[in-house]
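Visitor: Sharing a structure, written as structure tokens. Questions coming.
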Amino acid sequence: MSTFGDTLECTVWFVVVSLFWGCTNPLIKKANSNVSANQSNADCNVIVKLYLDFKNLITNWKRFYPILINQIGSIIYYVTLSNADLSLAIPVSNSLTFVFTTLTGYYLGEKLRGGIKLWIGTILILTGVTLCVASKT
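Numbering (the numbering used here), first residue to last: 1279 to 1415.
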């Protein structure tokens, strides 16, 4: 059985993970939409396309840094997962990722669809995460 300190520490790390994942999702989407519009070399073979895409990934900071931060979040997730309860890890990290993705997308200028339903859903997600954490302490 985990103690309150362990549960709280794991929860904080899962919130950090969902922040990393959620905030980078819209950035990756935006960066990749610009890349796909620029790639029109249909006559290149697969290896050349792979090389050009990899080169673009590591030389374009708008693609590279969001993916790097997202992968750092994945590393933190797997390290924290070794000490955490799965019934806490999955709901906290995955549900809060949706909240952070929505907020970051809104900040980047994406239109929010859903109106009041979106905010009710966000409140329900936060309530559910709070109940999950409270039940483990």
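Note that CB positions come from ideal geometry on N, CA and C, so glycine has one too. Fair warning: this is a prediction, and the values are worked out from it, not measured in the lab.
#1: Using a 10 Å radius around the Cβ and a threshold of 16 neighbouring Cβ atoms, would you call residue 1362 buried or exposed?
#2: I'd like the list of long-range same chain contacts for residue 1315, defined as Cβ closer than 7 Å, with 5 residues on each side in sequence excluded.
#3: For residue 1366 and residue 1411, which I take to be in contact (beta-carbon distance under 8 Å), what is that distance rounded to the nearest angstrom?
#4: Tell me, to the nearest whole angstrom, how far the beta carbon of residue 1351 is from that of residue 1299; I am working on the premise that it is less than 8 Å.
#5: Using the rule of at least 16 other Cβ atoms within 10 Å of the residue's Cβ for burial, across every protein chain shown, is residue 1338 buried or exposed?
#6: Would you mind reading off the limits of the alpha helix (DSSP H) that contains residue 1389?
Guide: So, from the data block:
#1: buried
#2: Only weak support exists for where residue 1315 lies, its pLDDT of 47 falling under 50; the value from the coordinates is given anyway. Within the same chain, residue 1315 has no close Cβ partners at all.
#3: 7 Å
#4: 5 Å
#5: exposed
#6: No alpha helix (DSSP H) holds residue 1389; DSSP gives it neither H nor E.
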